[in-house]
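Every position in the sequence shown, counted from 1, becomes a number in our numbering once 461 is added.
Some notes on the structure that comes next.
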Amino acid sequence: MDSTKVVENIYLLVIVTLISVLQNAFFAQKVERGCKSANTDTAGFERVSCANRNCMDAYPTFLAVMWCAGLCLNQAPAAFAGIIYLLVRQKYFIGYLGQTSQSTPGYLFGKRIISFLFLMCVVGIFNYLLAYYYSEDYKEYVQIITKASSALLLIP
Numbered sequence: 462m463d464s465t466k467v468v469e470n471i472y473l474l475v476i477v478t479l480i481s482v483l484q485n486a487f488f489a490q491k492v493e494r495g496c497k498s499a500n501t502d503t504a505g506f507e508r509v510s511c512a513n514r515n516c517m518d519a520y521p522t523f524l525a526v527m528w529c530a531g532l533c534l535n536q537a538p539a540a541f542a543g544i545i546y547l548l549v550r551q552k553y554f555i556g557y558l559g560q561t562s563q564s565t566p567g568y569l570f571g572k573r574i575i576s577f578l579f580l581m582c583v584v585g586i587f588n589y590l591l592a593y594y595y596s597e598d599y600k601e602y603v604q605i606i607t608k609a610s611s612a613l614l615l616i617p
């Protein structure tokens with residue numbers, strides 16, 4: 462397979478991954494700034510640290526399902542869901558800095574996006590198995606449905 466063809470199939474996923482790396486650096490900078498502050502508010506630092514830890518705990522799951530969904534089914538809806546997830550994760554982090562109850566909507570919305578990406582993975586794998594064993598390929602139909610349903614992620 463030509464290398465330009467490979468890049469063509471994953472460039473959106475790569476862009477979302479790089480944006481997520483920048484976001485992780487932002488979160489780490491917030492924790493570092495809270496740690497180095499001379500007048501550190503212990504409760505404030507604990508909130509920043511906990512928010513960062515929670516985001517880092519979910520990060521490998523997010524990357525795995527986003528890449529699997531993009532490779533097994535379609536990169537555009539997977540990358541779109543990834544961008545929405547990063548926005549939600551930012552909302553969660555900022556909400557956690559205030560009161561922890563402000564972070565709940567971001568947490569629940571993030572779970573919904575992870576579930577959507579996981580469903581994309583399962584459908585993509587199931588379609589592959591159908592194509593492999595029964596010579597029935599529904600990938601085009603599933604991609605159309607996935608592209609249309611990814612817009613539903615915007616509904617709170």
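Just so you know, even glycine gets a beta-carbon here, dropped at the ideal spot from N, CA and C.
Pick from the options: whose alpha carbon is nearest that of residue i?
i      : options                           : result
Tyr472 : Glu507, Ile586, Pro538 and Thr565 : Pro538
Thr627 : Thr478, Glu601 and Glu507         : Outside the displayed span of the chain (462 to 617) sits residue 627, for which this structure offers no information.
Ala530 : Arg514, Cys516 and Asn470         : Asn470
Lys504 : Leu613, Gly559, Ile606 and Ile476 : Note on identity: in this sequence residue 504 is Ala, with Lys being the wrong assignment. Of Leu613, Gly559, Ile606 and Ile476, the residue nearest in Cα terms is Gly559.
Tyr568 : Ala525, Ala519, Leu532 and Leu534 : Ala519
Phe487 : Ala609, Lys466 and Cys516         : Cys516
Arg573 : Ile616, Glu597, Tyr594 and Lys491 : Ile616
Ile545 : Thr565, Met527 and Gln604         : Met527
Asn535 : Lys466, Glu601 and Thr465         : Glu601
Leu524 : Ile476, Ala489, Pro566 and Phe506 : Ile476
Leu614 : Tyr593, Val482, Gln490 and Gly543 : Gly543
Thr607 : Cys582, Tyr594, Ser596 and Ala489 : Cys582
Quick check on residue i: does DSSP put it in helix, strand or coil?
i      : result
Ser596 : coil
Gly559 : coil
Leu534 : coil
Ala499 : Its pLDDT being 49, under 50, Ala499 is placed unreliably in this model, and the value from its coordinates should be taken loosely. Note: Ala499 maps to coil in three-state DSSP.
Ile574 : helix
Ile544 : helix
Ile616 : coil
Ser481 : helix
If contacts are defined as beta-carbon pairs under 8 Å, then residue i and residue j qualify, I think. What distance do you get, rounded to the angstrom?
i      : j      : result
Gln484 : Gln551 : 7 Å
Leu547 : Ile480 : 6 Å
Leu591 : Tyr599 : 7 Å
Val549 : Gly571 : 5 Å
I'd like to know if the segment 546-560 and the segment 583-603 are in contact, where contact means that at least 3 CB-CB pairs between them fall below 8 Å. no
Does the contact criterion of 3 or more C-beta pairs under 8 Å hold for the segment 538-551 versus the segment 562-579? yes
Counting beta carbon pairs with one atom in the segment 506-513 and one in the segment 476-496, are three or more of them shorter than 8 Å? yes
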